[in-house]
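Student: Sharing a structure below in structure tokens format, with a few things to ask.
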Amino acid sequence: MSSQASSAAQSTLIEIKNFIDGRYVASSANKTFDNIDPVTGEVFAIVHEATEQDVDAAVNAAADAYRGEWGRLTVDARVNLLYKVADRINERFDEFLEAECRDTGKPYSLARHIDIPRGAANFKIFADVIRNVPTEAFRMETPDGAGALNYGVRLPKGVIAVISPWNLPLLLMTWKVGPALACGNTVVVKPSEETPSTTTLLGEVMNEVGMPAGVFNVINGFGTDSTGEYLTRHPGIDAITFTGETVTGTAIMKNAAVGIRDVSFELGGKNAGLVFADCDMEQALEGTARSVFANCGQVCLGTERVYVERSIFDEFVAGLKARAEGMTIGIPSDEATGMGPMVSRQQREKVLSYYDRARELGATIITGGGIPDMPPAVADGFWVEPTIWTGLPEDSPIIKEEIFGPCCHIQPFDTEDEAIRLANDTRYGLATAIWTTNASRAHRVAEKIEVGITWVNCWFLRDLRTSFGGAKQSGIGREGGVHSLEFYTELRNVCLKL
Ligand code: NAD
Ligand code: 6OD
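The following block contains the structure:
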């Protein structure tokens, strides 16, 4: 058993500690909380909640490392360490896989192809980016004729707070830790209280590859009036990168305002899928089904509003229904499982409340709308049925609010302009998926949809060199490739008189 996840003395529960200054440490107030298995609804681990004092220790450790050994490393030495982190995640692939799936309930088949490989890739891509980043230079004329040379230098910001959600825990955390460290910062990470395991396990990897103590710290706990708030309020934090709900982003922004700390926010979405009559129907159905039901619908980029050109509406609805009903709901380790449970009881209650609401509002329930029958051993898990509705008005909460479950509403449209107007009629602006074989239309529509990311005839196909982020209330800033450097470094100009 790994050192961070040692068996608690008086029970068989796993014990998850905080990782501060290269060591696993208990909560200084001996405060713990339960970690629940979404498949069974039972407690499988206890997690040490970081107190204000623990957060302070983590931030101080990060600041010391930044000013100390880490800050003195060459870029080459730094990126070599990041490569080793990636390699070590791959060597311990199965441990990360099991820990991620136990925390989230997601199918092994999904985490094996997306979450864990991306956990490793996120270190390599930004190691490569920082090695190859150019700097700008301008030669200017001066009255004495000698001129001056202006050039930019990119330097780390210092200690970065990384706050991550529960839906893709390792992927989304490393998506921020990778570039933060590549740029020479140190980090204090607060994973979601629902999914602390893989982030905490990463501490072991850091020690194994020889990462200096204090470069990577993990503090576990909740948000409001707890670890998350202590972290964002801490004056030793130089910038905050956050992925989560828009409302949480608002709270974090208030704390960031004190001391004028920079923020990078990847927030909620209510994404539209636009299916035109000239689409490849099989491709559109397959892609839309994935974008609605993958990870039990708990993907910020997922499609919850589907708009389909009227001439193919009935065919599309029937096709998506068949796919939803053909989905195998089951336990993560079963290779046949296409959809696991929701992450938590609370999230399931939220989703089921929307299922009830849709019924009350008179939606046509094409499929689902309830809880599936599951075998007795897992009957207390957080299962929900994949669900499709039609027939609701556009101002319905089902169409306006982010549900974050395996469900969508499908609405017909008649013209391209109407499809664009419907897609844009939201306070969010994260992603969209367009399904058409007409490249001109795809380009025309993509330019008019107010989102950060548009996929055409695909969904969640990621090139990590590209920009990623949300428009409107879906985020602030862009990460990915060189765009991450904008946030994780301070660009300084040097004007050298010749
Ligand atoms: P959440 O906002 O509830 O929690 C995210 C993290 O913030 C957790 O670690 C939580 O403990 C912490 N937190 C909560 N309140 C805080 C506070 N006041 N101060 C500091 N930290 C606080 O989000 P969630 O429920 O974990 O994740 C689901 C949400 O995340 C959805 O809205 C989804 O769209 C969004 N999301 C967005 C992206 C993206 O890239 N745009 C990616 C994944 C998830
Ligand atoms: O792929 C990524 O880099 C990323 N940030 C994905 C976000 C998924 C949201 O659930």
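Using the working numbering, you'd call the opening residue of the sequence shown number 1 and step up by one each time. Backbone N, C-alpha and C fix where the C-beta goes; we use that ideal spot for every residue, glycine too. Small disclaimer: the values here were computed from a predicted structure and weren't measured.
#1: By Cβ distance below 7 Å, which residues in the same chain neighbour residue 464 in space, the five residues on each side in sequence not counted?
#2: What three-state label does DSSP hand residue 34 in the structure shown?
#3: Mind checking residue 237: buried by the 16 CB within 10 Å criterion, or exposed?
#4: Work out the CA separation of residue 469 and residue 18 for me, nearest whole Å.
#5: Since residue 377 is in the beta strand (DSSP E), which residue starts that stretch and which ends it?
#6: Mind checking whether the beta-carbon of residue 468 lies closer than 8 Å to any heavy atom of ligand 2?
#7: Pick from 287, 100, 182 and 23: whose alpha carbon is nearest that of residue 332?
#8: At a threshold of 8 Å, does residue 247 count as lining ligand 1 (C-beta to nearest heavy atom)?
#9: Nearest-angstrom Cα distance between residue 282 and residue 288?
#10: Do you know offhand how far residue 45's Cα is from residue 22's?
#11: Classify residue 442 as buried or exposed, calling it buried when 16 or more other Cβ atoms lie within 10 Å of its own Cβ.
#12: In angstroms, rounded to a whole number, what distance separates the CA positions of residue 203 and residue 162?
#13: Does residue 394 have its Cβ less than 9 Å from a Cβ in chain D?
#14: Tell me whether residue 77 is buried or exposed, calling it buried when 16 or more other Cβ atoms sit within 10 Å of its Cβ.
#15: So the candidates are 309, 136 and 374; which of them puts its Cα closest to the Cα of residue 328?
#16: DSSP puts residue 472 in a beta bridge; with which residues?
#17: Residues in the same chain with beta-carbon distance under 6 Å from residue 330, minus the five sequence neighbours each way, listed in chain order, please.
#18: For residue 424 and residue 462, what's the separation of their Cα atoms in angstroms?
#19: Thinking just about the alpha-carbon of each residue, which of 276, 498 and 209 is nearest to the one in residue 414?
#20: Taking DSSP as the reference, what is the three-state secondary structure of residue 140?
#21: Quick one: using the 10 Å Cβ neighbour count with 16 as the cut-off for buried, is residue 376 buried or exposed?
#22: Output yes or no for whether 9 Å exceeds the beta carbon distance between residue 381 and residue 406.
#23: So, under 8 Å CB-CB, residue 344 and residue 36 are touching, yes? Tell me the CB distance rounded to an integer number of Å.
#24: By the 10 Å Cβ neighbour count, where 16 or more other Cβ atoms means buried, how is residue 4 classified, buried or exposed?
#25: Is any heavy atom of ligand 2 found at a distance shorter than 8 Å from the C-beta of residue 30?
#26: If you compare alpha carbons, which of 128, 87 and 189 is closest to residue 241?
#27: Just list the residues that DSSP pairs residue 190 with in beta bridges.
#28: Just to confirm, is the Cβ distance from residue 153 to residue 492 under 9 Å?
#29: How do the stretch 263 to 272 and the stretch 424 to 439 stand: do at least 3 beta-carbon pairs fall below 8 Å, yes or no?
#30: Taking contact to mean at least 3 C-beta pairs separated by less than 8 Å, is the stretch 93 to 109 in contact with the stretch 189 to 201?
#31: By alpha-carbon positions, which one of 148, 104, 144 and 235 ends up nearest to residue 57?
#32: So what's residue 497 in DSSP terms, helix, strand or just coil?
#33: Is it the case that the CB of residue 190 approaches a heavy atom of ligand 1 more closely than 8 Å?
#34: With a cut-off of 8 Å, do at least 3 Cβ pairs link the stretch 290 to 303 to the stretch 99 to 113?
#35: Check whether the Cβ atoms of residue 138 and residue 149 lie closer than 9 Å to each other.
#36: Should residue 133 be counted as a contact of ligand 1 given a C-beta to heavy atom distance under 8 Å?
Tutor: Judging by the given coordinates:
#1: Counted from its first residue, the sequence shown places residue 464 at position 464. Contacts found: 121, 125, 480 and 481.
#2: Taking the first residue of the sequence shown as position 1, residue 34 is located at position 34. Strand at residue 34.
#3: Within the sequence shown, residue 237 is the residue found at index 237, counting from 1. So residue 237 ends up on the buried side.
#4: The residue you call residue 18 lines up with position 18 of the sequence shown. The residue you call residue 469 lines up with position 469 of the sequence shown. Those two C-alpha atoms are separated by around 29 Å.
#5: One-based indexing of the sequence shown puts residue 377 at position 377. Residue 377 -> no beta strand (DSSP E), and no H or E assigned at all.
#6: Stepping through the sequence shown from its first residue, residue 468 is reached at position 468. Yes, the Cβ of residue 468 comes within 8 Å of a heavy atom of ligand 2.
#7: Taking the sequence shown and counting its residues from 1, one reaches residue 332 at position 332. For the residues 287, 100, 182 and 23, the minimum Cα distance to residue 332 belongs to 100.
#8: Here residue 247 corresponds to residue number 247 of the sequence shown, with the count starting at 1. Indeed, a heavy atom of ligand 1 lies less than 8 Å from the Cβ.
#9: As a first step, residue 282 is located in the sequence shown; it is residue number 282 there, counting from the start. As a first step, residue 288 is located in the sequence shown; it is residue number 288 there, counting from the start. The alpha-carbon atoms of residue 282 and residue 288 are separated by roughly 10 Å.
#10: What you label residue 45 is simply residue 45 of the sequence shown in a count that begins at 1. What you label residue 22 is simply residue 22 of the sequence shown in a count that begins at 1. Using only the alpha carbons, I get a separation of about 22 Å.
#11: On the sequence shown, residue 442 is found 442 positions in, with the first residue counted as 1. It is buried - the Cβ of residue 442 has at least 16 other Cβ atoms within 10 Å.
#12: Residue numbering aside, residue 203 sits at position 203 when the sequence shown is read from its first letter. Residue numbering aside, residue 162 sits at position 162 when the sequence shown is read from its first letter. Cα-Cα distance, rounded: 15 Å.
#13: The question asks about chain D, but that chain is absent: this structure has only one protein chain.
#14: Here residue 77 corresponds to residue number 77 of the sequence shown, with the count starting at 1. Label assigned to residue 77: exposed.
#15: Within the sequence shown, residue 328 is the residue found at index 328, counting from 1. Here the closest residue by C-alpha is 374.
#16: Start at 1 with the first residue of the sequence shown, and residue 472 comes out as number 472. Per DSSP, 428.
#17: Counted from its first residue, the sequence shown places residue 330 at position 330. So the qualifying residues of the chain are 337.
#18: Position 424 of the sequence shown holds residue 424. Position 462 of the sequence shown holds residue 462. When rounded, the distance between both Cα atoms is 23 Å.
#19: The sequence position of residue 414 within the sequence shown is 414, counting from 1. If we check each option's Cα against that of residue 414, 276 comes out closest.
#20: Taking the sequence shown and counting its residues from 1, the one referred to as residue 140 is at position 140. Residue 140: strand per DSSP, three-state reduction.
#21: Against the sequence shown, residue 376 aligns to sequence position 376. Label assigned to residue 376: exposed.
#22: As a first step, residue 381 must be located in the sequence shown, where it is residue number 381. As a first step, residue 406 must be located in the sequence shown, where it is residue number 406. No.
#23: Counted from its first residue, the sequence shown places residue 344 at position 344. Counted from its first residue, the sequence shown places residue 36 at position 36. Residue 344 to residue 36, Cβ: 7 Å. Contact.
#24: For this step, residue 4 is matched to residue 4 along the sequence shown. Confidence in residue 4 is poor, its pLDDT being 49 and thus under 50, which makes the residue's placement too unreliable to answer from.
#25: Residue mapping note: residue 30 aligns to position 30 of the sequence shown, counting from 1. Flag unset: Cβ of residue 30 not near ligand 2.
#26: For the purposes of this step, residue 241 is taken as the residue at position 241 of the sequence shown. Answer by Cα proximity: 189.
#27: If you number the sequence shown from 1, residue 190 lands on position 190. Answer is 163.
#28: For the purposes of this step, residue 153 is taken as residue 153 along the sequence shown, with counting starting at 1. For the purposes of this step, residue 492 is taken as residue 492 along the sequence shown, with counting starting at 1. Going by C-beta atoms, residue 153 is nearer than 9 Å to residue 492.
#29: yes
#30: yes
#31: Sequence index remark: in the sequence shown, residue 57 carries index 57 (1-based). The shortest C-alpha separation from residue 57 is found at 235.
#32: Mapped onto the sequence shown, residue 497 falls at position 497. Strand.
#33: As a working note, residue 190 is residue 190 in the sequence shown. Yes.
#34: yes
#35: Position 138 of the sequence shown, counted from the start, is the residue given in the question as residue 138. Position 149 of the sequence shown, counted from the start, is the residue given in the question as residue 149. Yes.
#36: Here the question's residue 133 lines up with position 133 in the sequence shown. Residue 133 Cβ: outside cutoff for every heavy atom of ligand 1.
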